[in-house]
Amino acid sequence: VASVGASETISFISDYGLEDEFVGVVHRVIARVNPNALVIDINHQIPAQDVPAAGLALWRCAPWLAPGVILGVVDPGVGTPRRAVAIEVNGSRTVFVGPDNGMLFPGAARLGVLTRAVELEADEGVLTAAVAAGFALPSPAGATFAGRDVFAPAAALLAAGAPLQSLGSEVDVSTLVGHTIPRPEAREERGVRRVRTEVLWVDHFGNAQLNAGPDDVAELGLSPVVRIGDRAWPARVVTAYGQLQPGELGLVVDSYGLLSISLNAGSGAQLTGVVRGSEVHLVAAH
Amino acid sequence: VASVGASETISFISDYGLEDEFVGVVHRVIARVNPNALVIDINHQIPAQDVPAAGLALWRCAPWLAPGVILGVVDPGVGTPRRAVAIEVNGSRTVFVGPDNGMLFPGAARLGVLTRAVELEADEGVLTAAVAAGFALPSPAGATFAGRDVFAPAAALLAAGAPLQSLGSEVDVSTLVGHTIPRPEAREERGVRRVRTEVLWVDHFGNAQLNAGPDDVAELGLSPVVRIGDRAWPARVVTAYGQLQPGELGLVVDSYGLLSISLNAGSGAQLTGVVRGSEVHLVAAH
Amino acid sequence: VASVGASETISFISDYGLEDEFVGVVHRVIARVNPNALVIDINHQIPAQDVPAAGLALWRCAPWLAPGVILGVVDPGVGTPRRAVAIEVNGSRTVFVGPDNGMLFPGAARLGVLTRAVELEADEGVLTAAVAAGFALPSPAGATFAGRDVFAPAAALLAAGAPLQSLGSEVDVSTLVGHTIPRPEAREERGVRRVRTEVLWVDHFGNAQLNAGPDDVAELGLSPVVRIGDRAWPARVVTAYGQLQPGELGLVVDSYGLLSISLNAGSGAQLTGVVRGSEVHLVAAH
Chain A
0 VASVGASETI SFISDYGLED EFVGVVHRVI ARVNPNALVI DINHQIPAQD
50 VPAAGLALWR CAPWLAPGVI LGVVDPGVGT PRRAVAIEVN GSRTVFVGPD
100 NGMLFPGAAR LGVLTRAVEL EADEGVLTAA VAAGFALPSP AGATFAGRDV
150 FAPAAALLAA GAPLQSLGSE VDVSTLVGHT IPRPEAREER GVRRVRTEVL
200 WVDHFGNAQL NAGPDDVAEL GLSPVVRIGD RAWPARVVTA YGQLQPGELG
250 LVVDSYGLLS ISLNAGSGAQ LTGVVRGSEV HLVAAH
Chain B
0 VASVGASETI SFISDYGLED EFVGVVHRVI ARVNPNALVI DINHQIPAQD
50 VPAAGLALWR CAPWLAPGVI LGVVDPGVGT PRRAVAIEVN GSRTVFVGPD
100 NGMLFPGAAR LGVLTRAVEL EADEGVLTAA VAAGFALPSP AGATFAGRDV
150 FAPAAALLAA GAPLQSLGSE VDVSTLVGHT IPRPEAREER GVRRVRTEVL
200 WVDHFGNAQL NAGPDDVAEL GLSPVVRIGD RAWPARVVTA YGQLQPGELG
250 LVVDSYGLLS ISLNAGSGAQ LTGVVRGSEV HLVAAH
Chain C
0 VASVGASETI SFISDYGLED EFVGVVHRVI ARVNPNALVI DINHQIPAQD
50 VPAAGLALWR CAPWLAPGVI LGVVDPGVGT PRRAVAIEVN GSRTVFVGPD
100 NGMLFPGAAR LGVLTRAVEL EADEGVLTAA VAAGFALPSP AGATFAGRDV
150 FAPAAALLAA GAPLQSLGSE VDVSTLVGHT IPRPEAREER GVRRVRTEVL
200 WVDHFGNAQL NAGPDDVAEL GLSPVVRIGD RAWPARVVTA YGQLQPGELG
250 LVVDSYGLLS ISLNAGSGAQ LTGVVRGSEV HLVAAH
């Protein structure tokens, strides 16, 4: 039986923001169902309804979140027939819980094999299991807050050791909505090697993470040119922001092993004008 | 004896914001007094000193927060003779702690009967009890942070099972400062039924919650007109954002059972220009 | 968090912001190493890379954070040879963990004597100790996230009772990077007493904390003049915001025992135009 231990953590990511009570109410519901769960807030400022951004965030940090329950709620389809799911990874103690819209897939797939999944059914699955556990919540007053009414109880029960199959009917993992991380593309043009990359993320410090690591640009030399539209900057590949001179743009190997367009004590994204999704070409210097 | 159990949660809401250390210091003080308390942050971005907004937030989510201690600190009168109180609900394990300025009242009243209350007295009540519990804190250096110096120790002691009366002298619950939630008003004007409502809350996603549920507008038909000042929109009553077409304004039954002016994947508040307190008329379509 | 057990709290402050997963990943890593630790977020919105602001925040609230581990990560030099350290205070259960760049020093020094310190060495110290504790983390993919890869495991091990010396080699505490809090300067000019102060902090409510308490201005009378550049305001010294009239600027004894330039229900900083570091003269009224 795949179930998580009685004291597993629940890592929680959403687009609920921090101006309202949504995050807190989800915590409170989890504590009612499973007072021993340790709920860790990963990020609640995913841009509203931005499923790909949530998928990328979970893809980045999944190795640090496992084992345990990973609760992800960016759910523009709430209240429509989109599926609510729990996805087990590696037949183990790691279960992703959330809407089946692609946000869970990249992180789950990064950790290994998706071994089983169930569709969470509020009335017949999750809440029946919750009631069986001697636990009662206020009746949902509407259908728009599945984080509170479906996903939180499900995550809490899983973290308390409930078997996956107790929460709903099994679904074929091959039918889960996928979402893939774009790969860099290397090519040669007029005798010059270049790699087409994409900005995956701009962080709080202004670092623009690319979908390419040092190995992907190894043939471009130690100081490729960063080309964005009509503009270009030489950029050394370094391993710390502090190895760059003030005002020098660089390609820093970031904490996920990917290259980021960065400044020392400044914003690489602001200097270059990139945002998530921007196309960036790395070109061998002459 | 009214006291809460040794492992009760403390649900914490304030206007302290997240840019400073206020919230963290309150958590740390609670942990010093009661290391077993589970403190859940409900929301700390209530607009500064906005007592009615805090009251509405607690009114909305109180059913999910009980049982346990509910700590609310929006306290423009700190340091003046306004009372600091703990209010017991239903003679039970649910106690609201905070200033007696109306922010606690709507949530407490929603849960049932206010059975007892005490005035928290920093020197003679809370701190004496804390010292008796073998616990010492730094002396308050000023009188402006009652969240740290009065309310946090009181909440921590209550969550550890301290009897209500050990924290201060009893006060008549009928003297507590109230605050009422406005009710919608139905009327007929030139043969047309209309309901006057008010915006209670605009959430992070741009949904504008009204003080009216589906029952309040049942006589207006399935698609009333939303009238705000000189402008008007037809709006279907639906139960999920995803039931609306892109760009279609609707009245969605939200997660609290109230109607909200919403868009699918957009901000209903922005489109209509409403803010908290705006007057909105719902009118029967012809 | 169910319970802390014997484990100490970890009070965590950083400039990681709340838009990304940095804070959550640090929490998750701590929970992997020490599931019983109670991690308390003090503030993660220290301005990016602003070491003095972080030092002042820890200096302000250190008395409420001790005993326990205090984890501070504002680390512009990450990946460069700046030292990572753990600093023991008063030979006791209070240990500051973070970069040796001055951010830890003021808070530690405020609590008493810096009795010992070790340099945290990722490969030979912290991670060896973590592995010895039967604990494995993903290999760091880059060198830019010492909060995740060095400081979090170190804090978690210390909170679980690991001896300081197990985490690295001892360093001379006299070589730690210091950072001093500016002192007010009193003088007499043309027969008028005045005190030169500096704004240490502007909080969420707009209160501008000065580096002077009531004793420092006792000789100026009960209502000194606040002089900033060419402008001046009379300002009574009071102990609560509510003692000021609407629109009246005052000097309120704040929750740290320092004077703050404040308005009742408004922003003293905005009215006077001060920011952190602004020079403010307090002058005896005639």
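Sequence order for the protein chains is A, B and C.
Going by my numbering, the first sequence opens with residue 0, and the numbers climb by one from there.
Going by my numbering, the second sequence opens with residue 0, and the numbers climb by one from there.
Going by my numbering, the third sequence opens with residue 0, and the numbers climb by one from there.
Built from N, CA and C at the ideal position, the CB exists for glycine as well.
Close beta carbons around residue i, own chain, < 8 Å, minus the five adjacent residues each side
{"i": "A/A283", "result": "V191, R192, R193, E218, L219, G220, P223 and V224"}
{"i": "B/V77", "result": "P98, A142, T143, F144 and A145"}
{"i": "A/A211", "result": "P183, V194, T196, L257, L258 and L281"}
{"i": "C/R109", "result": "W58, A61 and P62"}
Chain-ordered chain A contacts of residue i [CB-CB under 9 Å]
{"i": "C/R203", "result": "Sequence check: residue 203 of chain C is His here, not Arg. Those within 9 Å of C/H203 in chain A number zero; the least Cβ separation is about 13 Å."}
Minimum Cβ-Cβ distance from residue i to chain C less than 8 Å
{"i": "A/G256", "result": "yes"}
{"i": "B/L156", "result": "no"}
{"i": "B/H26", "result": "yes"}
{"i": "A/D171", "result": "no"}
{"i": "A/D214", "result": "no"}
{"i": "A/A295", "result": "Beyond the ends of chain A as shown, which are 0 and 285, falls residue 295 of chain A; an answer cannot be given."}
{"i": "A/G267", "result": "no"}
{"i": "B/G23", "result": "yes"}
Proximity test, Cβ basis, 8 Å: residue i and chain A
{"i": "B/I9", "result": "no"}
{"i": "B/E211", "result": "The amino acid at residue 211 of chain B is misidentified as Glu; the sequence shows Ala. No - not a single Cβ of chain A is within 8 Å of the one on B/A211."}
{"i": "C/R275", "result": "no"}
{"i": "C/F150", "result": "no"}
Residue from the options with nearest C-alpha to residue i
{"i": "A/P181", "options": "A/N42, A/Y240 and A/G54", "result": "A/G54"}
{"i": "A/D40", "options": "A/V50, A/T143 and A/V72", "result": "A/V72"}
{"i": "B/E118", "options": "B/S138, B/V252, B/A129 and B/P80", "result": "B/P80"}
{"i": "C/L70", "options": "C/I260, C/H285, C/A161 and C/A151", "result": "C/A151"}
{"i": "A/T238", "options": "A/R109, A/R115 and A/N263", "result": "A/N263"}
{"i": "C/H178", "options": "C/V50, C/D214, C/G16 and C/Q44", "result": "C/V50"}
{"i": "A/H43", "options": "A/E18, A/A36 and A/L243", "result": "A/E18"}
{"i": "B/A36", "options": "B/R186, B/V216 and B/A154", "result": "B/A154"}
{"i": "B/R230", "options": "B/N206, B/V273 and B/L243", "result": "B/V273"}
{"i": "C/V198", "options": "C/S277, C/V112, C/R31 and C/G101", "result": "C/S277"}
{"i": "B/G101", "options": "B/A129, B/A158, B/A56 and B/H285", "result": "B/A56"}
{"i": "C/D215", "options": "C/W232, C/I227, C/G228 and C/A185", "result": "C/A185"}
{"i": "B/R275", "options": "B/V84, B/A107 and B/H203", "result": "B/H203"}
Residues that residue i contacts on chain B, provided the C-beta gap is smaller than 8 Å
{"i": "C/A264", "result": "Q48 and P75"}
{"i": "C/L37", "result": "A30 and P34"}
Residue i at chain B interface by Cβ criterion, 8 Å
{"i": "A/L17", "result": "yes"}
{"i": "C/Q242", "result": "yes"}
{"i": "A/P105", "result": "no"}
Chain-ordered neighbours of residue i on chain C, where CB pairs are closer than 8 Å
{"i": "B/E20", "result": "I12, I41, N42, A56, R59 and C60"}
Chain-order list of residues whose beta-carbon lies under 6 Å from that of residue i (same chain, five-residue window excluded)
{"i": "C/R82", "result": "D99 and E118"}
{"i": "A/A268", "result": "V201, G205 and A207"}
{"i": "A/R235", "result": "S222 and G249"}
{"i": "B/V170", "result": "A116 and E118"}
Proximal chain C residues relative to residue i, where beta-carbon distance stays under 7 Å
{"i": "B/A83", "result": "Neighbours of B/A83 on chain C: none; closest Cβ ~13 Å, over 7 Å."}
{"i": "B/A142", "result": "T238 and A239"}
Cβ neighbours of residue i in the same chain (closer than 7 Å, five flanking residues each side left out)
{"i": "C/L270", "result": "L248 and L262"}
{"i": "C/P46", "result": "D14 and A52"}
{"i": "B/V38", "result": "I9, F11, H26 and I29"}
{"i": "C/Y240", "result": "V251, S261 and N263"}
{"i": "B/Q164", "result": "V117"}
{"i": "C/D148", "result": "A121 and P139"}
Contacts that residue i makes with chain B (C-beta to C-beta distance below 7 Å)
{"i": "A/P137", "result": "P62 and W63"}
Proximal residues of chain A, C-beta to C-beta of residue i below 7 Å
{"i": "B/S251", "result": "First, the amino acid is wrong: residue 251 of chain B is Val here, not Ser. Under the 7 Å cutoff, chain A gives T143."}
Chain A contact residues for residue i, given Cβ-Cβ distances below 8 Å
{"i": "C/G78", "result": "T238, A239, Y240, G241 and Q242"}
{"i": "C/R147", "result": "W63 and S254"}
Inter-stretch contact (C-beta, 8 Å, three-pair minimum) for the region 58 to 68 of chain C and the region 79 to 94 of chain C: yes
Do the region 171 to 185 of chain C and the region 251 to 266 of chain C make contact, defined as three or more Cβ pairs closer than 8 Å? no
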